[in-house]
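S.K.: After the structure tokens below, expect a handful of questions from me.
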Amino acid sequence: MLFSVLIASLSWRYVEEPVRRLRPVPLKAITAGAASALIVASTGDAISQAGGFASRVSNDALAMRSLEAMWDWPCPQTVNIPELGVTYCAFGAPWGLAKHHGILWGDSHAD
2 MLFSVLIASL
12 SWRYVEEPVR
22 RLRPVPLKAI
32 TAGAASALIV
42 ASTGDAISQA
52 GGFASRVSND
62 ALAMRSLEAM
72 WDWPCPQTVN
82 IPELGVTYCA
92 FGAPWGLAKH
102 HGILWGDSHA
112 D
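See the structure below:
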């Protein structure tokens with residue numbers, strides 16, 4: 002019982018009384034906030050619907066966005082790597098003539 006009275010007193014003091022003393026927010030502030038939110042949301046939606054700002058990226062770079070285009074690239078040479086026991090696609094200088102060799106290893110982000 003004492004706990005209930007304590008909680009009720011604290012609620013009345015720190016919740017009910019401050020809310021009763023609140024003054025209404027001026028209509029200008031509500032209108033300005035709503036207008037600002039509408040402008041930001043509309044701008045974001047317009048950018049999203051337009052596919053971003055494609056004009057700032059070259060056509061060659063835009064073409065690399067497509068996974069279909071990336072997977073359609075022909076493999077210029079296949080190389081058997083005995084240490085791994087598999088054959089992989091190799092890009093760059095001919096594997097046998099190259100001074101250095103490197104492997105791109107990754108998960109789905111290596112697409």
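In this text, residue positions in the sequence shown follow this note's numbering: the first is 2, and each later residue adds one. Virtual Cβ for every residue (Gly too), placed ideally from N, Cα, C. Treat the numbers as computed from the prediction; the structure is a model and nothing was measured.
(1) Give the single residue among Leu28, Trp13, Lys29 and Pro83 whose Cα lies nearest to the Cα of Arg22.
(2) So, helix, strand or coil for Ala33, using DSSP?
(3) Taking the beta strand (DSSP E) that Ile82 falls in, what are its first and last residues?
(4) By DSSP, does Ala51 sit in helix, in strand, or in coil?
(5) Could you please give me the residues that DSSP links to Val87 through a beta bridge?
(6) Compute the beta-carbon to beta-carbon distance between Phe92 and Pro77, rounded to the nearest angstrom, for a pair I have assumed lies under 8 angstroms.
M.R.: A quick look at the data gives this:
(1) When only C-alpha atoms are compared, the closest one is Trp13.
(2) In the structure shown, Ala33 sits in a helix (DSSP, three-state: H, G or I).
(3) Its beta strand (DSSP E) spans residues Gln78 to Ile82.
(4) It is coil, neither helix nor strand.
(5) According to DSSP, which records beta bridges pairwise, Val87 is partnered with Ile82.
(6) The pair is a contact, with the Cβ atoms about 6 angstroms apart (cut-off 8 angstroms).
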